[in-house]
Amino acid sequence: MLSLLSPTHHTLKTKKILRCTGNLFQSYVAGLFINSLCCSRSQFYWAAVMALPSRARVYADINSHKPREYWDYESYVVDWGQQDDYQLVRKLGRGKYSEVFEAINVTNNEKCVVKILKALDYCHSMGIMHRDVKPHNVMIDHENRKLRLIDWGLAEFYHPGQEYNVRVASRYFKGPELLVDYQMYDYSLDMWSLGCMLASMIFRKEPFFHGHDNYDQLVRIAKVLGTEELFIYLEKYHIELDPRFHDILGRHSKKRWERFVHSENQHLVSPEALDFLDKLLQYDHYDRLTAREAMEHPYFCELPFVWSNPIVKDQNRMNIVSSSPTPIAGSGPVGE
């Protein structure tokens, strides 16, 4: 039993304390009494370094000004109405980026990305984190030019200083804070997920960070954003990295985004797009653009635009503007 509760076990993360006094072994996890067990006479004490609290840069106190019935959904009673009025017509296919974003091209005046940002800014302004932003949760009506952000099953109300479950979001869109078990995250988690979507769209790599599991997912991110920057992030928030990463993380320098530009995606990429992406895919959640800030980025300025110094040079004339809908087809994930 003691081996299962050793300090090196993956369940012992930040804010988890084990104490043994005499023959009584008391286990506390995140301050919650779990069990009392008998142990040997040897006294044991271990305490993880407390992670540094974090607070959202925007909309931090929204829910504190709302009545309890607004955010206390556990006490909410749903009025389901007459359920016989509904029936399942058909099961929708999950689709790929090329299906979901088939009409995206650089001539669109209202990009799908900015519409997602409007949805995120609205839900964040209401004190809600979506926590599962991904292409499969974006529905687009190309004919009527409408977009909907769906599937709010993992959404949660944000309260400063509260610890949240890190087992949210789909693997390829998980922010670093989830992968290092930092529980005091905020709305900026959604902005990382959007950044992963944007990278897949403009680079035509789906998914952009393609980890085989949650551990490998952080490795794939580190291969692009660098390990030194990761350790700076961990040190800032006093986050203790899981020992499993010691053998798989390695050391990697930060890569330039231009590295992922090639002849097949250059018409989707601009200096503004790369700068926008860089401001979303930041290890430090506090440094990421908010949804409102993102909408004001030069990436969303009026088109057409002309590059004075193209990122990718081609023998043929460079097509800056695509004249037809451009499917977002993948050419392989990053880090393989």
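Taking the UniProt record's numbering, the leading residue of the sequence shown gets 1, the next gets one more, and so forth.
For each residue, glycine too, the CB sits at the ideal point set by N, CA and C.
Since the structure is predicted, the reported quantities are computational estimates derived from the model, not experimental observations.
A Cβ-Cβ separation of about 6 Å places Tyr158 in contact with Ala56 under the 8 Å criterion. For Val166, the closest alpha carbon among the candidates Met184, Ser193, Pro160 is that of Met184. Closest option to Met201, judged by alpha-carbon separation, among Asn265, Tyr299, Arg256, Gln217: Asn265. In the structure shown, the three-state DSSP call for Leu117 is helix.
The alpha-carbon of Val261 is positioned some 28 Å away from that of Leu120. Closest by C-alpha distance to Ala155, out of Trp71, Pro207, Leu218, is Trp71. The C-beta distance from Ile116 to Leu194 rounds to 6 Å, short enough to meet the 8 Å contact threshold.
Distance from the CA atom of Lys111 to the CA atom of Pro243, rounded to whole angstroms, is 42 Å.
In this structure, DSSP gives Asp141 an extended state, which the three-state scheme calls strand. Judged by DSSP in its simplified three-state form, Phe173 adopts helix. Looking at the backbone, the Cα of Ser64 and that of Lys254 are separated by about 39 Å. Taking the C-beta atoms as reference points, Tyr237 is found nearer than 7 Å to Ala51.
The Cβ-Cβ distance between Ala169 and Arg131 falls below 7 Å. Residue nearest to Phe231 within the set Pro176, Pro160, Ile150 is Pro176 (criterion: CA-CA distance).
Nearest to His212 by C-alpha distance, out of Tyr233, Ser125, Ile248, Met126, is Ile248.
Closest in C-alpha terms to Pro67, from the list Gly127, Asn144, Val113, comes Gly127. Thr227 and His136 have their alpha carbons spaced roughly 30 Å apart. Checking the DSSP bridge columns, you'll see Leu149 partnered with Val138. Beyond the five residues adjoining it in sequence on each side, Val133 comes within less than 8 Å, by CB distance, of Ile116, Leu120, Leu149, Ala169, Phe173, Asp190, Ser193, Leu194, Met197 in the same chain, given in chain order.
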